[in-house]
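Residues in the sequence shown are numbered from 64 upward in steps of one, following my numbering. In what follows, a structure is listed as structure tokens, so that the remarks can point back to it.
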Amino acid sequence: MIFAMSELSTTDWPYPRPEQPPVPRPGEAAHTVDVWVVPNFSMLTLFCLLEPLRVANRFGRTLFAWRLLSADGEAVVASNGVRIEVDGPLDAHCHGELLMVISSYQPEVSVTSAERAVLRHVAAHGGRVGGLDTAPFILARAGLLDHHRVALHWESVPAFRAEFPHIAVSEARFEFAGQRLTGSGGAAGIDMMLQWIEHDYGPALANAVGRQLVHQRVSEEEAWKAGAARTLEDLPRSVVRALAVMEAHLDQVLPMPEICRLAGQSQRQLTRLFVAHFGETPKQCYLGMRLDYARRLLADSRCRVTEAALSSGFVHLAHFSRAYQARFGERPSVTAERGTV
Numbered sequence: 064m065i066f067a068m069s070e071l072s073t074t075d076w077p078y079p080r081p082e083q084p085p086v087p088r089p090g091e092a093a094h095t096v097d098v099w100v101v102p103n104f105s106m107l108t109l110f111c112l113l114e115p116l117r118v119a120n121r122f123g124r125t126l127f128a129w130r131l132l133s134a135d136g137e138a139v140v141a142s143n144g145v146r147i148e149v150d151g152p153l154d155a156h157c158h159g160e161l162l163m164v165i166s167s168y169q170p171e172v173s174v175t176s177a178e179r180a181v182l183r184h185v186a187a188h189g190g191r192v193g194g195l196d197t198a199p200f201i202l203a204r205a206g207l208l209d210h211h212r213v214a215l216h217w218e219s220v221p222a223f224r225a226e227f228p229h230i231a232v233s234e235a236r237f238e239f240a241g242q243r244l245t246g247s248g249g250a251a252g253i254d255m256m257l258q259w260i261e262h263d264y265g266p267a268l269a270n271a272v273g274r275q276l277v278h279q280r281v282s283e284e285e286a287w288k289a290g291a292a293r294t295l296e297d298l299p300r301s302v303v304r305a306l307a308v309m310e311a312h313l314d315q316v317l318p319m320p321e322i323c324r325l326a327g328q329s330q331r332q333l334t335r336l337f338v339a340h341f342g343e344t345p346k347q348c349y350l351g352m353r354l355d356y357a358r359r360l361l362a363d364s365r366c367r368v369t370e371a372a373l374s375s376g377f378v379h380l381a382h383f384s385r386a387y388q389a390r391f392g393e394r395p396s397v398t399a400e401r402g403t404v
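This is the structure we're talking about:
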């Protein structure tokens with residue numbers, strides 16, 4: 064608040080600050096966004112999508128309106144257990160300028176062919192269609208992401224690539240180009256909406272909204288470097304090299320002596336470093352990485368158990384099943400069934 068008030072004292076502050084920001088109805092604002100929330104959606108992603116629009120209305124008056132939709136018009140429960148009322152059902156008569164889909168866990172469990180047909184109808188009639196977090200799975204299944212670069216939550220990237228190898232996956236937090244918008248969810252929704260505001264109303268309003276949200280806009284390159292530095296800065300170089308080698312060979316498992324050779328460290332010393340930093344040996348860490356990868360494949364795609372096992376370097380299915388259940392407390396077939404219901 065102190066920062067925001069200090070901004071008010073500057074002579075170049077271009078926007079009024081009404082005490083009650085307007086929340087216009089669809090049709091009363093310059094832009095209307097329809098938001099289809101899928102059961103188990105991320106509440107954080109929804110708020111990060113809508114809050115920049117609300118604050119833009121505070122400074123720029125009636126610029127944005129929005130409607131929350133569900134498949135049947137009934138309330139939807141988010142992944143945190145909170146029940147959200149919606150404004151109506153998803154149907155082919157959505158008249159917003161943009162239809163955004165928000166999902167998180169098990170994105171396709173409740174989605175039917177009828178809802179995918181609605182998405183195709185909106186796109187065919189010139190509407191912008193987008194998805195955040197895991198929603199690109201839904202858009203891709205509807206055939207709406209061919210020839211588009213796609214951004215989605217990093218944890219779901221392996222499964223998405225396995226299921227839609229013809230679609231280019233972006234390393235950016237969001238992709239905002241043409242008639243398709245996709246993003247990784249969470250705070251990426253803020254940056255996506257700020258870019259929209261800047262494109263239509265200029266950087267002054269976008270920066271004002273960002274300051275009000277106490278959100279520092281950074282480039283994709285800066286964000287990646289900052290995240291990588293925070294993750295790796297405290298690790299010895301040999302450990303970082305070993306992790307990179309493991310990550311690059313999840314499907315074709317390398318023997319531990321070869322990993323140590325590529326990391327430039329003796330096996331005894333590398334084991335000591337891994338135990339000190341992670342509480343487990345390099346072999347245990349490698350196994351965990353492969354199992355985590357298999358779980359992402361099973362949870363976020365239509366990958367079969369055998370395919371997930373082979374993709375994560377397991378030759379024997381029984382060994383894979385035992386290791387998987389020991390790590391996650393359930394058989395891989397249970398995870399696969401839950402992901403394809």
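We put the CB at the ideal spot given by N, CA and C, even for glycine. Quick caveat, the model's predicted, so the values are computed rather than measured.
Can you give the beta carbon distance from residue i to residue j, rounded, assuming they're within the 8 Å contact cut?
i           : j           : result
residue 191 : residue 161 : 4 Å
residue 325 : residue 308 : 5 Å
residue 383 : residue 391 : About 12 Å; that fails the 8 Å criterion.
residue 116 : residue 256 : 6 Å
residue 183 : residue 204 : With a Cβ gap of about 11 Å, residue 183 and residue 204 do not count as contacting.
residue 323 : residue 333 : 5 Å
Following the continuous beta strand (DSSP E) through residue i, name the residue where it begins and the one where it ends.
i           : result
residue 240 : 237-240
residue 196 : 191-196
residue 245 : 243-246
With a threshold of 8 Å between beta carbons, is residue i in contact with chain C?
i           : result
residue 111 : In summary, chain C is missing from the structure at hand, where a single protein chain is found.
Given a cut-off of 8 Å, decide if residue j and residue i are closer than it, judged by their beta-carbon atoms.
i           : j           : result
residue 198 : residue 360 : no
residue 147 : residue 170 : no
residue 155 : residue 128 : no
residue 276 : residue 253 : yes
residue 214 : residue 111 : no
residue 96  : residue 109 : no
residue 410 : residue 133 : With the chain covering only 64 through 404, there is no way to say anything about residue 410.
residue 186 : residue 242 : yes
residue 212 : residue 225 : no
residue 306 : residue 248 : no
residue 302 : residue 336 : yes
residue 98  : residue 131 : yes
residue 139 : residue 149 : yes
Mark residue i as exposed unless 16 or more other C-beta atoms lie within 10 angstroms of its C-beta, in which case mark it buried.
i           : result
residue 353 : buried
residue 88  : exposed
residue 328 : buried
residue 235 : buried
residue 103 : buried
residue 245 : buried
residue 220 : buried
residue 380 : exposed
residue 415 : Residue 415 cannot be examined here, being either before or after the span of the chain that is shown, 64 to 404.
residue 266 : exposed
residue 345 : buried
residue 137 : exposed
residue 320 : exposed
residue 290 : Because residue 290 sits at a pLDDT of 45, beneath the cut-off of 50, its placement in the model cannot be relied upon, and the point is left open.
residue 210 : exposed
residue 387 : buried
residue 238 : buried
Between which two residues does the alpha helix (DSSP H) carrying residue i extend?
i           : result
residue 99  : Where residue 99 is concerned, there is no enclosing alpha helix (DSSP H), although the beta strand (DSSP E) it sits in stretches over 94-100.
residue 390 : 380-391
residue 377 : Neither: residue 377 is in no alpha helix (DSSP H) and is coded neither H nor E.
residue 89  : Neither: residue 89 is in no alpha helix (DSSP H) and is coded neither H nor E.
residue 324 : 319-326
residue 304 : 300-311
residue 250 : Counting along the chain, residue 250 falls outside any alpha helix (DSSP H), and DSSP gives it neither H nor E.
residue 333 : 330-341
residue 275 : 266-275
residue 218 : First-last for residue 218: undefined, no H or E at that position.
residue 204 : 199-204
task = Ignoring anything shorter than 4 residues or poking outside the segment 134-187, list the alpha helix (DSSP H) runs there in chain order.
result = For the segment 134-187, the full-length alpha helix (DSSP H) segments reaching 4 residues or more read 176-187 along the chain.
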